[in-house]
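A.B. asks: Supplied in structure tokens, the structure appears directly below.
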Amino acid sequence: MAARITNIFYSMLLVYLITKCDGKKQVPCVFFFGDSLTDNGNNNFLATAAKANHTPYGIDYPAGPTGRFSNGKNIPDFLAKSLGFEKAIPPFATAKGTKILKGVNYGSGGGGILDESGSQLGDVMSMKKQLINHGKTVADMKLLLGSSGRARVHLNKCLYVSNMGNNDYINNYLSPKYHLSTTLYTPQKFAAILTNQYRRQLRRLYKYGARKVAIYGVGSIGYLPQFRSTVEFMDSTNQVTQHFNDRLATLVQGLNARLSGAQFVFINTTNIALGDPSTLGIKVVDNPCCVVSKQTGLCDAGKKPCHNRNEYYFWDNFHPTETANHAMAIRSYAAASPADAYPTDIRNLVRRN
Ligand SMILES: *[C@@H]1O[C@H](CO)[C@@H](O)[C@H](O)[C@H]1NC(C)=O
């Protein structure tokens, strides 16, 4: 009995120390799921072509190249800061011990909702794999806190962010060289396949205790420097992904109606990206800042990038600069227009009890 009470005391002290030390935090923990827009070091440990742990990546990040697909900070970095966290949420690959109580970043460059998306890049972690990793975190948390009940109370309070789907287009539907999906499915059908799979995955996340969840839509892929060509091509590509975003918004509504005690919000990245980039000081939206490899569209290792990085929207052929990531994170946290986040933004989502 005494041992049990000591154990409970110890667990409570642990939660207190981990979560209350800096009182400004709006949630005790954040978990990130996603692709290269989210990855902050997980792919460094995988055998894949989707890697960013070399220069010039990280040229504006204090620790240098870390595996973030940007010149500086990424969206999770800025969200964590807005939520009151002093440090970045650690990647799953290196998150150890009590650190997991503050959250984990499972993001993996090249990963998608479907397991086969991005497979041509080598070993990347799909949403399924990321959820398996989250299951390991949940199990570790039960051990750290001493019971399933206490782990659940903690997990219920966290924010969950999922930014998935981009690679199901970039490295699947729009990659007919490696995938048959374009031949097999209409854009409508493919969007339905994706959202049906995503629904099951988000329900699994709910079963693990998620109650506050922000879901990002896919970006306007037609405008990526990698795909930029004719206006017709860009428009038709953006129409393809629009089917997914429309269904995703409906999926979020459905989950809110069916999963009791949970709130899901949809972040309309298309609407956020519509803003006038010159208000951010951005002058170049059609070319990347770094020297990209013709094969991969990622920055060539060691080559000198542009010096005026704050004036570029794109860092390489696929990924935004720190400046553009900042704008995306800020508007998903605190919406600048009601169309940015539905039914509410992340700031309001975390205020709920
Ligand atoms: C997202 O915003 C765009 C641009 O305003 C709009 O056309 C689209 O319908 C919105 N999508 C959803 C799913 O709300």
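Residues -23 to -1, 1 to 330, numbered by mature numbering (1 follows the signal peptide of the UniProt record, and there is no 0), are exactly what the sequence shown covers, in order.
Virtual Cβ for every residue (Gly too), placed ideally from N, Cα, C.
Nearest to residue 182 by alpha carbon, out of 163, 110, 320?
C.D. replies: Residue numbering aside, residue 182 sits at position 205 when the sequence shown is read from its first letter. Residue 182 has its Cα closest to that of 110, out of 163, 110, 320.
A.B. asks: Could you check where the beta strand (DSSP E) with residue 152 kicks off and where it finishes?
C.D. replies: Numbered from 1 along the sequence shown, position 175 holds the residue referred to as residue 152. First-last for residue 152: undefined, no H or E at that position.
A.B. asks: Would you mind giving the Cβ-Cβ distance between residue 48 and residue 299, rounded to the nearest angstrom? I have them listed as a contact below 8 Å.
C.D. replies: Here the question's residue 48 lines up with position 71 in the sequence shown. Here the question's residue 299 lines up with position 322 in the sequence shown. About 6 Å separates the two Cβ atoms, so the contact holds.
A.B. asks: Should residue 7 and residue 135 be called a contact, given that it needs their Cβ atoms to be closer than 8 Å?
C.D. replies: Taking the first residue of the sequence shown as 1, we reach residue 7 at position 30. Taking the first residue of the sequence shown as 1, we reach residue 135 at position 158. Against a cut-off of 8 Å, the Cβ pair of residue 135 and residue 7 comes out as a contact.
A.B. asks: Hey, out of 216, 280, 190, 58, whose CA is closest to residue 230's CA?
C.D. replies: Translated into the one-based positions of the sequence shown, residue 230 becomes position 253. Residue 230 has its Cα closest to that of 190, out of 216, 280, 190, 58.
A.B. asks: Which residue wins for smallest C-alpha separation from residue 15, given the options 305, 312, 315, 321?
C.D. replies: Along the sequence shown, read from residue 1 onward, the residue named residue 15 stands at position 38. Measuring from the Cα of residue 15, the nearest candidate turns out to be 305.
A.B. asks: From residue 238 to residue 137, what distance separates their C-alpha atoms?
C.D. replies: Your numbering for residue 238 matches position 261 in the sequence shown. Your numbering for residue 137 matches position 160 in the sequence shown. Residue 238 and residue 137: Cα-Cα distance of roughly 14 Å.
A.B. asks: Are residue 198 and residue 143 close, meaning C-beta to C-beta below 8 Å?
C.D. replies: Counted from its first residue, the sequence shown places residue 198 at position 221. Counted from its first residue, the sequence shown places residue 143 at position 166. Contact flag set, yes.
A.B. asks: I'd like to know whether the C-beta atoms of residue 295 and residue 147 end up nearer to each other than 8 Å.
C.D. replies: Mapped onto the sequence shown, residue 295 falls at position 318. Mapped onto the sequence shown, residue 147 falls at position 170. It is a contact, given that the beta carbons lie within the stated cut-off.
A.B. asks: Around the Cβ of residue 251, are there at least 16 other Cβ atoms within 10 angstroms (buried) or fewer (exposed)?
C.D. replies: The count along the sequence shown starts at 1 and reaches residue 251 at position 274. By the neighbour-count rule (16 or more Cβ atoms within 10 Å), residue 251 is not buried but exposed.
A.B. asks: Please name the residue in 31, 33, 46 whose C-alpha comes closest to that of residue 12.
C.D. replies: Within the sequence shown, the letter at position 35 stands for residue 12. Residue 12 has its Cα closest to that of 46, out of 31, 33, 46.
A.B. asks: Return the CA-CA distance between residue -23 and residue 178, expressed in angstroms with no decimal places.
C.D. replies: Numbered from its first residue, the sequence shown carries residue -23 at position 1. Numbered from its first residue, the sequence shown carries residue 178 at position 201. Only weak support exists for where residue -23 lies, its pLDDT of 49 falling under 50; the value from the coordinates is given anyway. Roughly 40 Å separates the two Cα atoms.
A.B. asks: Taking 7 Å as the cut-off, does the CB of residue 193 come closer than this to any heavy atom belonging to ligand 1?
C.D. replies: Here residue 193 refers to the residue found at position 216 when the sequence shown is read from its first residue. No, ligand 1 has no heavy atom inside 7 Å of this Cβ.
A.B. asks: Drop a sphere of 10 angstroms on the beta-carbon of residue 309, count the other beta-carbons inside from all chains shown, and report buried for 16 or more, exposed for fewer.
C.D. replies: For the purposes of this step, residue 309 is taken as residue 332 along the sequence shown, with counting starting at 1. Looking at its Cβ environment, which holds 16 or more other Cβ atoms inside 10 Å, residue 309 is buried.
A.B. asks: Any heavy atom of ligand 1 closer than 7 Å to the CB of residue 275?
C.D. replies: Taking the first residue of the sequence shown as position 1, residue 275 is located at position 298. Checking every heavy atom of ligand 1 against the Cβ of residue 275, none is found closer than 7 Å.
A.B. asks: Any idea what DSSP makes of residue 208, helix, strand or coil?
C.D. replies: Mapped onto the sequence shown, residue 208 falls at position 231. The answer is helix: DSSP assigns residue 208 an H, G or I state.
A.B. asks: Roughly how many angstroms lie between the CA atoms of residue 303 and residue 112, to the nearest whole one?
C.D. replies: Here residue 303 refers to the residue found at position 326 of the sequence shown. Here residue 112 refers to the residue found at position 135 of the sequence shown. If I take the Cα positions, the gap works out to 30 Å.
A.B. asks: Less than 7 Å between the CB of residue 146 and some heavy atom of ligand 1, yes or no?
C.D. replies: Within the sequence shown, residue 146 is the residue found at index 169, counting from 1. Not under cutoff, so the answer is no.
A.B. asks: State yes or no: is the C-beta of residue 247 nearer than 7 Å to some heavy atom of ligand 1?
C.D. replies: Residue numbering aside, residue 247 sits at position 270 when the sequence shown is read from its first letter. Yes - ligand 1 has a heavy atom lying nearer than 7 Å to the Cβ of residue 247.
A.B. asks: Within the same chain, show all residues whose beta-carbon is closer than 6 Å to that of residue 277, passing over the 5 residues directly before and after it, in chain order.
C.D. replies: Residue 277 sits at position 300 when you count from the first residue of the sequence shown. Within the same chain, residue 277 has close Cβ partners 268, 270.
A.B. asks: Return the residue from the list 88, 261, 285, 326 that minimises the CA-CA distance to residue 200.
C.D. replies: The count along the sequence shown starts at 1 and reaches residue 200 at position 223. The shortest Cα separation from residue 200 among 88, 261, 285, 326 belongs to 261.
A.B. asks: Beta-carbon separation of residue 153 and residue 217 under 8 Å?
C.D. replies: Walking along the sequence shown from the start, residue 153 turns up at place 176. Walking along the sequence shown from the start, residue 217 turns up at place 240. Against a cut-off of 8 Å, the Cβ pair of residue 217 and residue 153 comes out as no contact.
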